[in-house]
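Working notes for the structure below.
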Amino acid sequence: MEEAPEEPSQSRDSWRDHQTWITTQDILREKLITEDSFSWKLSSEGEPGYKKGEELRCVGGVDISFSKDDPSKACGTLVVLDFHTLQVLYQDFSFVTLQVPYVPGFLAFREAPVLQQLLEKMKRSDNPFYPQLLLVDGNGILHPRGFGLACHIGVEANLPTIGIGKNLHHVDGLTHSTVRKLLGAEENSSKEFINLVGCSGRIWGVAMRSTQGSIKPIFISIGHMISLQTAIMIVQKTCKFRVPEPIRQADIRSRDHIRNLEMNGKVT
DNA sequence: GCGACAG
DNA sequence: ATCTTGTCGC
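This note's numbering runs 106 ahead of the 1-based position in the first sequence.
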């Protein structure tokens with residue numbers, strides 16, 4: 107009798123984690139809110155019943171950078187910008203050693219913990235700049251199970267979130283080439299954003315040309331407690347360059363911190 | 001069956 | 001994600 111070859115424990119463990127992750131996403135997804143659900147207003151200055159302090163001001167952005175020397179060493183960064191001036195109101199970061207690998211579709215299990223800790227720390231200290239809304243470097247519902255990093259963080263932190271992808275995650279038949287076609291089509295040539303409609307007919311988000319006539323779009327999808335319409339508007343208003351400013355600032359600062367860490371490690 | 005696949 | 005300088009153009 108042939109014994110089945112011993113399965114490398116590595117693959118058994120990763121299979122088990124994989125199932126656990128899917129279950130976790132399914133459970134958390136039941137709490138997802140896909141419409142505007144916040145107390146602040148967007149442009150209330152001229153409206154009747156305007157109350158100062160109710161308007162959107164604190165827009166957060168999160169990102170993670172990795173060390174080129176040791177890919178498990180990372181720096182999570184949280185910034186908060188003023189929605190109107192786009193000036194940085196707050197910044198914090200944290201170095202971590204990540205044990206969880208990157209697996210497409212499960213980014214949250216690798217990156218969310220650090221980012222949530224940064225939010226937690228800010229909330230515990232009653233910081234007046236605690237974000238009213240968070241832009242996340244990674245997708246929202248544009249995800250195989252409709253629950254990407256932005257949704258994950260939104261639900262667990264109970265915060266409105268928007269997902270920003272710099273590359274398309276292939277979902278529901280959406281591919282790089284279908285998007286290229288849509289962006290290149292005559293009737294869309296002047297639009298700055300187009301709906302991402304999958305084979306099923308579901309709208310997963312939009313591809314947006316943040317810069318006039320730019321070729322490479324960004325992919326916007328809702329995270330939590332916000333509608334796609336509102337999300338698009340907020341992204342447009344925070345885009346000085348291709349990537350919205352809160353995420354861009356988090357990215358820049360995150361890289362700086364990693365660079366400093368590597369320098370100190372080498373200088374001895 | 002094989003490949004694709006956010007960061 | 002990361003490896004990477006200068007360079008062409010508005």
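Beta carbons are placed, not taken as given, at the ideal position from N, Cα and C, and that holds for glycine.
Contact between the stretch 233-243 and the stretch 297-309 is defined here as three or more beta-carbon pairs at a separation below 8 Å; is this criterion met?
Because the criterion of three Cβ pairs below 8 Å is not met, the stretch 233-243 and the stretch 297-309 do not touch.
What residue does the beta strand (DSSP E) around His390 start on, and which one ends it?
Missing from the structure shown is residue 390; the chain here goes from 107 to 374 and no further.
Can you find the residues in the same chain that come closer than 7 Å, C-beta to C-beta, to Glu141, ignoring five residues on each side of it along the sequence?
So the list reads Ser333, once near-sequence residues are dropped.
Thr284 to Gly246, Cα distance in whole Å?
Spanning the two alpha carbons is a distance of roughly 20 Å.
To the nearest angstrom, how far is it from the Cα of Leu225 to the Cα of Gly279?
C-alpha of Leu225 to C-alpha of Gly279: approximately 35 Å in a straight line.
Decide if Pro266 is buried, meaning its Cβ has at least 16 other Cβ atoms within 10 Å, or exposed.
Classification of Pro266: buried, given that the 10 Å Cβ count is 16 or more.
Going by DSSP, name the residue or residues bridged to Gly244.
Paired residues: Ile270.
Buried or exposed: Glu160, going by 16 or more other Cβ atoms within 10 Å of its Cβ?
Glu160 is exposed by the Cβ-count criterion.
Which of the three DSSP states, helix, strand or coil, is assigned to Asp132?
If DSSP states are grouped into helix, strand and coil, Asp132 belongs with the helices.
Give the DSSP-derived three-state secondary structure of Leu213 in the structure shown.
Secondary structure at Leu213: helix, using DSSP grouped into helix, strand and coil.
Use the C-beta contact count for Arg122: other C-beta atoms within 10 angstroms, 16 or more gives buried, fewer gives exposed.
Arg122 should be labelled exposed.
Same chain, Cβ closer than 8 Å to Glu368, neighbours up to 5 away in sequence not counted:
In the same chain as Glu368, and ignoring 5 residues on each side of it, the C-beta atoms closer than 8 Å to its own belong to Ser173, Lys174, Asp175, in chain order.
Name the DSSP beta bridge partners of Ala313, please?
DSSP, once it has assigned bridges, lists Ile300, Phe325 as partnering Ala313.
What does the alpha-carbon distance come out to for the pair Trp146 and Phe201?
The alpha-carbon atoms of Trp146 and Phe201 are separated by roughly 33 Å.
Given that a residue counts as buried once 16 or more other Cβ atoms are within 10 Å of its Cβ, and exposed if not, what is Gln355?
Around the beta-carbon of Gln355, 16 or more other beta-carbon atoms lie within 10 Å, marking it buried.
Suppose the cutoff is 8 Å on Cβ atoms and the five residues either side in sequence are ignored; what does the same chain contact list for Glu112 look like?
Low per-residue confidence applies at Glu112: pLDDT is 45, beneath 50, and the placement is therefore not dependable, though the value from the model is reported in the following sentence. Around Glu112: no qualifying Cβ.
Three-state secondary structure (DSSP) at Ser101?
The chain is shown from 107 up to 374; residue 101 falls before or after that span and cannot be answered.
Would you say Leu248 and Ser306 are within 8 Å of each other, going by their C-beta atoms?
No, these two residues do not count as a Cβ contact at 8 Å.
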